[in-house]
Amino acid sequence: MSAVNSDVLDVIIESLRELLAQKNFPVPATLDADTVFLHGELPIDSLDLAVFLLVLEEKIGHDPFREGFRSFVTVGDLAAIYSER
């Protein structure tokens, strides 16, 4: 994977904070590149994650999943995928 663009990482983290606030979910004490999406400290499910990816497509301006799904576990993994261009 490529290096993580810090601006992309910031957008993802801020967008996660917005998603959690909209759903009245608690925000983990630490929300960073090592935060695990599903079955981790984030109280979101796969539907929340799918909607979140649509939000990121709008905010970041491209869809790295256009050619198919790419596996990721952490916020940093996702940021690396969005940082590839």
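Under our numbering, the final residue of the sequence shown carries the number 915; numbering is consecutive throughout. Note that CB positions come from ideal geometry on N, CA and C, so glycine has one too.
Specify, as a first and last residue, the run of the alpha helix (DSSP H) that D878 falls within.
-> Its alpha helix (DSSP H) spans residues 876-890.
Opposite R866 in the DSSP bridges: which residues?
-> It is worth fixing the name first, because residue 866 is Val in this sequence and not Arg. Beta-bridge pairing by DSSP links V866 to T904.
Is it true that the CB of L879 sits closer than 9 Å to the CB of F867?
-> Against a cut-off of 9 Å, the Cβ pair of L879 and F867 comes out as a contact.
What residue does the alpha helix (DSSP H) around E844 start on, and which one ends it?
-> Judged by DSSP secondary structure, E844 falls within the alpha helix (DSSP H) whose first and last residues are 836-852.
Nearest candidate by alpha-carbon position, reference A899, set D864, S836, I911 = Reading off the sequence, residue 899 comes out as Phe, not Ala. Ranking D864, S836, I911 by Cα distance to F899 puts I911 first.
With a threshold of 16 other CB atoms inside 10 Å of the CB of A859, please say whether the residue is buried or exposed.
-> By the 10 Å Cβ count, A859 comes out exposed.
Could you round the C-beta distance between S845 and L886 to whole angstroms and report it? I think they count as a contact, below 8 Å.
-> Confirmed, about 6 Å.
Use the C-beta contact count for V881: other C-beta atoms within 10 angstroms, 16 or more gives buried, fewer gives exposed.
-> Exposed.
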